[in-house]
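Enquirer: Mind having a look at this structure? Questions to follow.
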Amino acid sequence: MLSNIFSLSFLVSLLAGTIRLATPILIPALGQIYTQRAGILNLSVEGTMLMGAISGFTVACATGSLWLGLLTGIVVGMLFSLIMAWLSITVRANQVIAGIGLNILGAGFAAYLYRVIFGIRSLPAQIDSFQQINIPVLSDLPIIGQIFIQHNILVYLAFLLVPLTWFVIEKTTFGLKIKAVGEHPKAADSKGISVYRIRYSAVLIGGAYAGMGGAFMTIAYMNSFTESVIGGRGYISVAVVIFARFLPSRAMWGALLFGLASALQLRLQALGAAIPSQLLLMLPYLATIAALIFASKKAEFPSAYTLPYSRLER
Amino acid sequence: MESKLKSTVKEVLGTVIMLALALLVGAVLVVISGNSPMEAYSTMLRGAFGSAQKICELFVELIPILLMAFGISVAFRAQLWNIGATGQFTIGAIAAAAVALYIPVPSGIAIPLSMIAAVVAAAFWAALAGWLKNRFNANEVITTLMLNYIANCFLLYLVNGPMQDPETDLSQSALVPVGMMLTRLFGDYRLHSGIFIMLIVTVIMFFFWKTNFGYRINLIGQGEKVATYAGVNVKRTTVMTMMLSGALIGLAGWIQIFGIQYRILSGIAGSYGDIATIVALLGALNPYGIIAAGVFFAALRCGGNSMQRMTDVPFSVVDVIEGLIIIFVIAKTIVNNKTLGLRDKFRRKQGGKAHVE
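Residue numbers (our numbering), protein chains in the order written: chain A, 1 to 314; chain B, 1001 to 1357.
This is the structure in structure tokens:
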């Protein structure tokens, strides 16, 4: 048993699994960096991911095009987060309550859509999901090739989004505006920045990423839809952002940490470890709490975090 | 006094309109699923109120929903977003079943002992999130949620491992001793004596907000600064509020074990956590509102079950309606505030003018 754990093949499959399982947390987390930097805590990521998962899966099923499915997931994610944007920015509702409501709505609506579109069936509907890409020579490299170069294309796209997100937030005017409305909306407003428009954009970008993360689960990670397909990943990604102190590179490491916890659970279970699988299932959730413990004290939240903005108020 | 009554009536009327709107959207979803909305809703109505047995079932649903919603309202009033009702319910149920199954004492002792175990276990499970918030500034929304998943994994481990009923392969424990089961009130109907506990708690909740502790909880809800100025120990009250919140939810778990399930099994909390959260919010965190919302949602669930059995309409329509209700009600409150606020401003302006003239 122990010798199995320390064997090379175990380590290789563990690390490859880590990267694969980090992806559906990394994508929504990067999106939430935009949203949270603009001062909005969007807890409805879980529901948004479910909507992305079901819509992406349905379109991929109907058209046979995985890319069209992915695009649909992104668009539906944006549409769903538009409700969050409206509630939190225009209506100025409590963001926690709005998030809870939208999660219940998203979960119910996704289940409804699946039932209406696919009916009751003994076997779940399945598609041919994104396959791992094989690059001659590179993919066959021992160890390195197995860990890094045997994933599907979306995994690489997700990790490419890390520098992109960093660039947009740190190096563009748009990024500066997002930070401004998150830190000091009044000052931003007086400088002629439309607080509403920037915040709406930030929530919609977050929704697009969440929808993409949801679609990843059904058309790239699995090849079917279940009501528990997201399994708390939306909430975990919100935690990752806080853990990462709103920085993309740290979010990547955070996501990898959760990927490792999930992969460890899967690998140990596959080995038939003496630890019961249900206890191992706790690992990613325990890791989330541990991460919050270590990160929250130091996290510098945007000054206007969770605070709605109104020109009427002083 | 009159204007207060007027605004309450307006408030209630607004909520009723939003509920109707949500049901209307639900009707559209029913049509899309290829069914008749009239048939679906009349089946739901009959399923909720159609016979003595159905009304008993309504109360069976109402017991955990109300107790949990009261528990959630305690935390929410302090602006502590306890989303962990599912986990606290599960932990309470596990503790109750463990006492019933493994402590060989007469049921006269075992009943109160198991109740204390359930309440205390759930209280500490909830307080853990309060402590993490105090000590490490960890967001309680995330921690209570993660504790839900952890409690569920723990339950799955127990009912597939050490607590599994040796007689079966199912994911469930053995039955609790017959002597500990709550008495059924009307023959074969499932309504049990746990309803008296619910009634007692309901009465207490009306007085609770007038007590010193209730007052302190409300102060915390006004913000840490306000509470500190008023001389409230914020950290201690945070933990105690979470404990009370968890205790009420754990009590619901205890009742569910000895009144309905008689054992623990996988997924025992069902969707009560979500429903109770909606009920607490829809009831504006006050006892009257929570009772009204609780009855409405218990009816919606019972009716939804009937609808799913008797027609082809999927139960998820009910989930969608629930989600829509929250969103509509949130939107409504703010729309009200906005118009009220503007009117106030308008009045002040006019008043000012009159003064000048």
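For every residue, glycine included, the Cβ atom is placed at its ideal position computed from N, Cα and C.
Out of curiosity, what's the CA-to-CA distance linking Ser194 (chain A) and Met1243 (chain B)?
Expert: Ser194 (chain A) and Met1243 (chain B): Cα-Cα distance of roughly 43 Å.
Enquirer: Suppose only complete runs of 3+ residues qualify. What are the beta strand (DSSP E) ranges in the stretch 1073 to 1141 of chain B, listed by chain order?
Expert: Within the stretch 1073 to 1141 of chain B, no complete beta strand (DSSP E) run reaches 3 residues.
Enquirer: Which chain B residues sit within Cβ distance under 9 Å of Arg245 (chain A)?
Expert: By Cβ distance, chain B contributes nothing, its closest Cβ being about 13 Å from Arg245 (chain A), past 9 Å.
Enquirer: If we define contact as Cβ-Cβ less than 7 Å, is Ile40 (chain A) a contact residue for chain B?
Expert: Judged by the 7 Å Cβ criterion, Ile40 (chain A) is not in contact with chain B.
Enquirer: When you compare each of A:Val116, A:Leu260, A:Ala244 to Ile1032 (chain B) by their alpha carbons, which one comes out closest?
Expert: The shortest Cα separation from Ile1032 (chain B) among A:Val116, A:Leu260, A:Ala244 belongs to A:Val116.
Enquirer: Comparing the C-beta of Pro276 (chain A) with each C-beta of chain B, is any distance below 7 Å?
Expert: It does; some Cβ of chain B falls within 7 Å.
Enquirer: If Ile198 (chain A) sits next to Ile178 (chain A), beta carbons under 8 Å apart, how far is it from one beta carbon to the other, in whole angstroms?
Expert: The pair is a contact, with the Cβ atoms about 6 Å apart (cut-off 8 Å).
Enquirer: Is the Cβ of Ser1316 (chain B) closer than 7 Å to any Cβ of chain A?
Expert: With 7 Å as the cut-off, Ser1316 (chain B) counts as an interface residue toward chain A.
Enquirer: Could you please tell me which residues of the stretch 113 to 140 of chain A, in chain order, have their CB closer than 8 Å to any CB of chain B?
Expert: Against chain B - using a Cβ distance shorter than 8 Å - the residues of the stretch 113 to 140 of chain A are Arg115, Val116.
Enquirer: Based on the DSSP output, what are the partners of His1192 (chain B) in its beta bridges?
Expert: Bridge partners of His1192 (chain B): B:Arg1184.
Enquirer: Can you tell which of A:Phe130, A:Gln126, A:His151, A:Ile127 has its C-alpha closest to the C-alpha of Leu138 (chain A)?
Expert: Here the closest residue by C-alpha is A:His151.
Enquirer: Please list, in chain order, the chain A residues whose beta carbon lies closer than 7 Å to that of Ser1245 (chain B).
Expert: The contacting residues do not exist; Ser1245 (chain B) stays about 15 Å from chain A at best.
Enquirer: Is the Cβ-Cβ distance between Leu1066 (chain B) and Thr1241 (chain B) less than 7 Å?
Expert: Not closer than 7 Å, so no.
Enquirer: Assuming Val240 (chain A) is part of the alpha helix (DSSP H), what are its boundary residues?
Expert: Taken as a continuous stretch (DSSP letters only), the alpha helix (DSSP H) holding Val240 (chain A) covers 233 to 243.
Enquirer: Assign Gly1250 (chain B) to buried or exposed, taking buried as 16 or more other Cβ atoms, counted over all protein chains shown, within 10 Å of its Cβ.
Expert: Buried: at least 16 other Cβ atoms inside 10 Å.
Enquirer: For a test of the three-state rule: what should DSSP assign to Gln1222 (chain B), helix, strand or coil?
Expert: Gln1222 (chain B) falls in the coil class under three-state DSSP.
Enquirer: So which residues on chain B does Gly206 (chain A) lean against when the C-beta distance must stay under 8 Å?
Expert: In chain order: nothing, as chain B lies at least about 16 Å away.
Enquirer: In the DSSP assignment, find the unbroken alpha helix (DSSP H) run with Asp1274 (chain B) in it and report its ends.
Expert: Looking at the DSSP string, the run of the alpha helix (DSSP H) that includes Asp1274 (chain B) is 1272 to 1282.
Enquirer: How should Trp67 (chain A) be labelled, buried or exposed, when 16 other C-beta atoms within 10 angstroms of its C-beta is the threshold for buried?
Expert: Answer is exposed; the Cβ neighbour count stays below 16.
Enquirer: So, under 8 Å CB-CB, Ile100 (chain A) and Phe57 (chain A) are touching, yes? Tell me the CB distance rounded to an integer number of Å.
Expert: That belief does not hold up - the Cβ atoms of Ile100 (chain A) and Phe57 (chain A) are roughly 25 Å apart, past 8 Å.
Enquirer: Could you list which residues in chain A have their beta carbon closer than 9 Å to that of Asp1274 (chain B), in chain order?
Expert: Simply Ile100, Asn103, Ile104, Ala107.
Enquirer: Taking DSSP's pairing of strands, which residues face Gln132 (chain A) in a bridge?
Expert: DSSP lists A:Asn152 as partners of Gln132 (chain A).
Enquirer: Do you know how far the Cα of Phe1315 (chain B) is from the Cα of Phe1258 (chain B)?
Expert: Going from the Cα of Phe1258 (chain B) to the Cα of Phe1315 (chain B) covers about 27 Å.
Enquirer: In angstroms, rounded to a whole number, what distance separates the CA positions of Ala319 (chain A) and Leu71 (chain A)?
Expert: Residue 319 (chain A) is absent from the structure shown; chain A starts at 1 and stops at 314.
Enquirer: Could you say which of A:Arg311, A:Pro302, A:Ala295 lies nearest to Leu1132 (chain B) if we only look at CA atoms?
Expert: Measuring from the Cα of Leu1132 (chain B), the nearest candidate turns out to be A:Ala295.
Enquirer: Applying a beta-carbon distance threshold of less than 8 Å, which residues of chain A neighbour Gly1089 (chain B)?
Expert: Per the sequence shown, the amino acid found at residue 1089 (chain B) is Phe instead of Gly. Simply none; closest approach about 17 Å.
Enquirer: Show which residues of chain A have a CB atom less than 9 Å away from the CB atom of Arg1141 (chain B).
Expert: With the sequence shown as reference, residue 1141 (chain B) is identified as Val, and Arg is not the correct amino acid for it. Chain A residues near Val1141 (chain B): Leu41, Leu43, Val96, Gly99, Ile100, Tyr235, Val238.
Enquirer: Applying the criterion that 16 or more other CB atoms from any shown protein chain within 10 Å of the CB defines a buried residue, is Arg311 (chain A) buried or exposed?
Expert: By the neighbour-count rule (16 or more Cβ atoms within 10 Å), Arg311 (chain A) is not buried but exposed.
Enquirer: Is there a Cβ from chain A that is less than 7 Å from the Cβ of Met1044 (chain B)?
Expert: No, its Cβ sits nowhere closer than 7 Å to a Cβ of chain A.
Enquirer: Using the Cα positions of Ala1331 (chain B) and Ala98 (chain A), report the straight-line distance between them to the nearest angstrom.
Expert: Rounded to whole angstroms, Ala1331 (chain B) to Ala98 (chain A) spans 9 Å at the Cα level.
Enquirer: Using the Cβ count rule (16 or more neighbours within 10 Å means buried), how would you classify Asp1274 (chain B)?
Expert: Looking at its Cβ environment, which holds 16 or more other Cβ atoms inside 10 Å, Asp1274 (chain B) is buried.
Enquirer: Give the interface partners of Ser194 (chain A) over in chain B, defined as CB-CB distance under 8 Å, in chain order.
Expert: Per Cβ cutoff of 8 Å: no residues; Ser194 (chain A) is ~20 Å from chain B at best.
Enquirer: On the CB-based measure, 16 or more other CB atoms within 10 Å of its CB, does Arg1347 (chain B) come out buried or exposed?
Expert: Reliability of the predicted coordinates at Arg1347 (chain B) is poor, the pLDDT of 47 falling under 50, and the value obtained from them is presented with this limitation in mind. Exposed is the call here.
Enquirer: For Ser296 (chain A), which residues in chain B fall below 8 Å Cβ to Cβ?
Expert: Here the neighbours are Phe1136, Asn1137, Ala1138, Asn1139.
Enquirer: Identify the contact partners of Leu1067 (chain B) in chain A, using a Cβ-Cβ distance below 7 Å as the criterion.
Expert: Neighbours of Leu1067 (chain B) on chain A: none; closest Cβ ~19 Å, over 7 Å.
Enquirer: May I ask you to list the residues that DSSP assigns as paired with Leu1265 (chain B)?
Expert: In the DSSP output, where bridge partners are listed per residue, Leu1265 (chain B) has B:Gln1172.
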